[in-house]
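Report on the following structure.
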Amino acid sequence: MKILALDTATSACSAALMGDGAIIASALVAMRRGHAEALLPMVDAVMAEAGIAYGALDLIATTVGPGAFTGLRVGLAAARGLALAGGLPIVGVTTLEALAHAVGADQRGKRPVVAVINARRDEVYYQPFDAALMPLGPPLVGAAEAIVLPEGPVLLVGDGATLLPADRNDTEIIPGLLPDAAVVAALAAARFDPAAPPETPPEPLYLRGSGAREPASP
Numbered sequence: 060m061k062i063l064a065l066d067t068a069t070s071a072c073s074a075a076l077m078g079d080g081a082i083i084a085s086a087l088v089a090m091r092r093g094h095a096e097a098l099l100p101m102v103d104a105v106m107a108e109a110g111i112a113y114g115a116l117d118l119i120a121t122t123v124g125p126g127a128f129t130g131l132r133v134g135l136a137a138a139r140g141l142a143l144a145g146g147l148p149i150v151g152v153t154t155l156e157a158l159a160h161a162v163g164a165d166q167r168g169k170r171p172v173v174a175v176i177n178a179r180r181d182e183v184y185y186q187p188f189d190a191a192l193m194p195l196g197p198p199l200v201g202a203a204e205a206i207v208l209p210e211g212p213v214l215l216v217g218d219g220a221t222l223l224p225a226d227r228n229d230t231e232i233i234p235g236l237l238p239d240a241a242v243v244a245a246l247a248a249a250r251f252d253p254a255a256p257p258e259t260p261p262e263p264l265y266l267r268g269s270g271a272r273e274p275a276s277p
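Numbered according to the numbering used here, the sequence shown spans residues 60 to 277.
This is the structure we're talking about:
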């Protein structure tokens, strides 16, 4: 199965192509703005590097948020356009899942992982996961200083991790980690069921305002 995965939801733009369970080609560039201009050329470059035609794709995967509204819409619109052109299903993955699953088992050990994204306005998007990366709660948004972390040693990942109060000596921050389309592709491969493909494209996950909603169960 060949999966093209995209992410433009936060402070990076990335694309990755997975084939037969392995990443064939990928690209990731940290950027605060310019996702709309960067994404499709990046996708073309990844496809060319892999030597795969668009017609050979089986699945599109994309992050659905939470993240920057404009960037999030860029990725979702591109995913829907590519899926429509190829008659392909789309699998959605949250940015917080992508961050947590980027942490390897050796690095986690028995520690839970909390994915934290800078939501601006002195707030963060966050979600805790156990050491096996099973969610301990839904994605949430809240004031950085009010976040309650799981007990015991904890790993913090994401560009919002440094915004949390530094009042515990049993937390470790993994710096520089951004959502990566390569991780999105792996998550999509694990949850996609060819016998029951999604009938509709994924919706954006907004955690602010009247549009706030929880993601559907995987």
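We treat Cβ as the ideally placed atom computed from N, Cα and C, and that holds for glycine.
Judged by DSSP in its simplified three-state form, Val-105 adopts helix. By the neighbour-count criterion, in which 16 or more other beta carbons inside 10 Å mark a residue as buried, Pro-234 falls on the exposed side.
Your pair Ile-62 and Leu-118 checks out as a contact, with CB atoms roughly 5 Å apart and the cut at 8 Å. Of the other Cβ atoms in all chains shown, 16 or more fall within 10 Å of the Cβ of Val-162; this residue is therefore buried.
Within the same chain, and ignoring the five residues on either side of Leu-199 in sequence, the residues whose Cβ sits closer than 8 Å to its Cβ are Tyr-184, Tyr-185, Gln-186 and Leu-266. In the three-state DSSP reduction, Ala-112 falls in the coil class, being neither helix nor strand. A Cβ-Cβ separation of about 11 Å leaves Pro-253 out of contact with Val-150 under the 8 Å criterion. By the neighbour-count criterion, in which 16 or more other beta carbons inside 10 Å mark a residue as buried, Thr-221 falls on the exposed side.
In the DSSP assignment, Ser-70 forms no beta bridge with any residue. Note: Tyr-185 is bridge-paired with Val-175 and Leu-199 in the DSSP secondary-structure output.
Between Pro-238 and Ser-73, the C-beta gap is smaller than 9 Å, which places the two residues in contact. Here DSSP, grouped into helix, strand and coil, assigns Ala-86 to strand. For Ala-247, the enclosing alpha helix (DSSP H) has its first and last residue at 240-250. By alpha-carbon distance to His-160, the top candidate from Lys-169, Ala-174 and Leu-147 is Ala-174. Look at Pro-125 here: in three-state DSSP terms it is coil, with no helix or strand label.
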